[in-house]
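In our numbering, the protein residues as written are 411 to 1591.
Quick look at the structure:
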């Protein structure tokens, strides 16, 4: 039989019984039994009339081919021969018109069914139009942003501002704004979300257009539309930047067919009937066995069928597959016939292991189909499964998602199929990470959450600052019952989600199998190389959002991957007792400098990798036995020089060519249809900038570096005399096995994933919790107003009750959504995953730090993840989960404190951004009592070193954060410095919960004592530090005065009654800096008064004179009546709330009081004290 598509590939030939075999036909089974079997499998059709067993023709394998051809020929449908269906004009295969039917910039997928907007408002239409009849097409929503989907005529002209629905003969539905559009706009329908399916229906006989969302009609949107001669409507869409959809015009079965409406592309009816019939034959073979002894056919359970080498059955199957195999290369048939058949096998429930038939069928596919046919079939099957999983509606038991994941698991259990899919499909063609994502329902009612969580609850008690008070002792009985009922509902939901998560982990465990070496390289090493390239795509294209894996997918993928890694890690520990537990996991420092793992262009702590290789080559040789070829160093230098000539290349987006050209892009850009997109459409025919280097080739000069796709198991795991990934172990690193080396690289990738987008997404999802809090506060406030409303004002009471109802409905909705988010993102298990990642980073940093200068090779993202994961645990997971309950929490806090204290001024770290991040993290650390106590628990020499670095002169370094850290250590000890609300604001708005709130004071007496010791013992350091503080105070206060002069002038101009908000922000910042610098001076004069008052010190008199001059300047500017400062403060401008007399005057007063109190103790004459008093005006406390 000739192969499909006219290719030159020939089908496999199976040796059937020949003429010479006829006398011995019983070599298989006897002639009569064989004939009965074949007639049973391939019964005559009803058209041929029933034939009794006694009179029907003897059927043999020689006649079976013709018999089967005859049976299948009956299925030919006459309609298939028609080139055009009445009422529809255009090609029979309907796709998006990428040649002329678009406006703006668009990315279109290979199959011309998926599209992503790449400009302000791009539009595109299909290649086929309709002018009579009833028609429907579906749009799979991949992102929930601004889009207008519908129909338009050929006369419609769109631009970057007007799209489908904005012209007279175009009609659109917009689920983002919940409106319909036809020149004008009105409310219509429901809001859509990513994962929804919109059906677009047009009835040209009645002149109506209707839209459906996930199979539910939204009602007639437009009636009396223009029809008649010369009027035909095209499917069309307009979408904004980064929005993406996929169309189904009928190339695949419609998810929600509508009775009476036809898809624009006719289904392959003849092939569909043939495939269904052939599948029926296959099922008969599976459920029938031949009893040779009894010479009869026996019915059996097809679910337990196995390939046992029976020649009769195999030859019969070969005949079936001769016709069935080419059909299984067509997406429509794979989705409608094969996928549904495989799903039906698993419908009985139970574990996937209890259904071995799927494994047997896949064996049969590989045995009886050409390799290219099996490859295409598996590819289309996985695409259909992924699409079905992604666009299935959420129901209470998550039945759809579980159903598709079970089949995915069953397919991936087949070794040969799994390796093919890993090598060629799951990361290259599909967005396979979608399989690990559990989407959050936007519409709670449709997702069934009202049934699952019938009782809702939200916080009802708040402190003076509007924060939730979690003291359950003050709950009423009714509140307690509601809360417990809500928690039970949340628990039920969590259990159902855990079923899905467990299936997802099973899929990953199959991908991470490293024992399946029977058919070539183990799955884990294929996965590892693909995973690394996936990370490279996302790390190398951070400037172009359209090519990134969506962060919501990354979050779920990260958690499933952590679970799978830890399970394999602990399994290895049980088998090899010498290795370490996953609880103690870390990434050894060799990975950072031996060149075995590619970190792309990610920044190292010590700068560029090429620079580190040149400057630290001797250290590499001495500590790690790694020799770098001088020729490679020279090649690196030339390569860097070439790269430097390409200006701005690092910030450029992924490349594209002009209109219609090919574009090599990562699979993430092909999100809607899950296939590679390679067309970039632009009406302006503008070429985008090309990337600075191709993604695939590796760096040229890494030590023994191989391209990712070229690495083998030996390169990763090593062998005798080869350490693999752990080449170059430094002496400081213990010589003991950690775990399988491939798991170390995957763990390294997990840390990188968290840094790329997971932390950012964790922060975004907190918004729902914040919304619940805001609405709960508003509801409580409304209820209090209702209680106070006088009975004589029923109008006000009615409005308040309406507001109360709205707030309550919104809270019911949000509390159920929050339950879902807490279960999928902020659960206790997810918190433990992030905590484990934090501890991995801490241990990795500690091991790398012990290598001395080689610490510079560590990628920056390890420090970032350590800081960010701690921040997430502290800010994002509470109050649903408490960080203090985590195992080893106190020790972990102290370890992280030691890292921050040591490395914020580490000379081995050169990157400005990472140094700023470390400084900010340390500043945040000293704000809270628990973390501050952790800083106090680190070894004394580390504390002293930290304080010495903080007291370094402020010039030529970012000093504001340093100063703020010192202020935090002092706050609560200074004069009038214990407030949590700015006192001058409390006078006017004592009950306003929106007033800026300050952290409660938690001074550190221990660190203050260290500061006093250092300043007292090192006179030169004390003088340089204080001179720098006075210099910065002089600058900050002078800048502040200059700014308020400009603000005053702007406010007094009659033609301009507003002030630039940025200018106000800068002004407030200068004021806050001045106050904080004064507080540091107060701290210093209190702790070490001899610096200013002991005139045996050479710098004491000069410092005291400078201090008195600056205090005099501040007091003159702030205390004079009706001066500039007074006038600006009286304006009460938004943004200048912190600018007032109180903060700065109490700081100055604190300094003066300490000088006067300590002056006699230091032997300063009364006259000198009086002189200081005379030069400053008295300030009351």
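Glycine is no exception: its CB is placed at the ideal position from the N, C-alpha and C atoms. Values in this document were obtained by computation on a predicted structure and should not be read as measured data.
Buried/exposed call for residue i, threshold 16 Cβ in 10 Å
i: residue 1182; result: buried
i: residue 1603; result: It is not possible to answer for residue 1603, since the shown part of the chain is limited to 411 through 1591.
i: residue 1410; result: exposed
i: residue 1433; result: buried
i: residue 822; result: buried
i: residue 1227; result: buried
i: residue 1150; result: buried
i: residue 672; result: buried
i: residue 1567; result: exposed
i: residue 857; result: buried
Nearest to residue i (by Cα), restricted to the options the options
i: residue 555; options: 576, 567, 1232 and 531; result: 531
i: residue 1235; options: 1357, 964 and 1559; result: 964
i: residue 619; options: 1546, 1545 and 580; result: 580
i: residue 663; options: 655, 653 and 674; result: 674
i: residue 1253; options: 1537, 573, 595 and 993; result: 993
i: residue 1336; options: 1414, 1382, 1309 and 1365; result: 1414
i: residue 659; options: 1007, 722 and 501; result: 501
i: residue 1021; options: 1003, 1374, 980 and 1472; result: 1003
i: residue 446; options: 475, 708, 1125 and 574; result: 708
i: residue 838; options: 646, 508 and 941; result: 941
Alpha-carbon spacing of residue i relative to residue j, whole angstroms
i: residue 665; j: residue 982; result: 44 Å
i: residue 705; j: residue 468; result: 16 Å
i: residue 984; j: residue 972; result: 18 Å
i: residue 1265; j: residue 1258; result: 5 Å
i: residue 1485; j: residue 1319; result: 31 Å
i: residue 1392; j: residue 1553; result: 8 Å
i: residue 421; j: residue 692; result: Residue placement at residue 421 cannot be trusted, given a pLDDT of 46 that sits under 50; the coordinates are not used to answer.
i: residue 738; j: residue 791; result: 9 Å
i: residue 1198; j: residue 1551; result: 38 Å
i: residue 1245; j: residue 909; result: 23 Å
i: residue 558; j: residue 631; result: 13 Å
i: residue 1276; j: residue 826; result: 40 Å
i: residue 899; j: residue 617; result: 47 Å
i: residue 781; j: residue 938; result: 25 Å
N- and C-terminal bounds of the beta strand (DSSP E) containing residue i
i: residue 610; result: 607–613
i: residue 590; result: 589–592
i: residue 1409; result: Per DSSP, residue 1409 belongs to no beta strand (DSSP E) and is neither H nor E.
i: residue 655; result: 654–658
i: residue 698; result: 698–701
i: residue 629; result: 626–633
Extent of the continuous alpha helix (DSSP H) run through residue i
i: residue 1204; result: 1204–1234
i: residue 1155; result: 1151–1163
Simplified DSSP assignment, three categories, for residue i
i: residue 781; result: helix
i: residue 1170; result: helix
i: residue 560; result: strand
i: residue 924; result: coil
i: residue 1132; result: strand
i: residue 709; result: strand
i: residue 520; result: coil
i: residue 468; result: coil
i: residue 583; result: strand
i: residue 1316; result: coil
i: residue 932; result: coil
i: residue 618; result: strand
i: residue 548; result: strand
i: residue 1401; result: In this predicted model, residue 1401 has a pLDDT of only 48, less than 50, meaning its place in the structure is not dependable enough to derive any value.
i: residue 1537; result: helix
i: residue 527; result: strand
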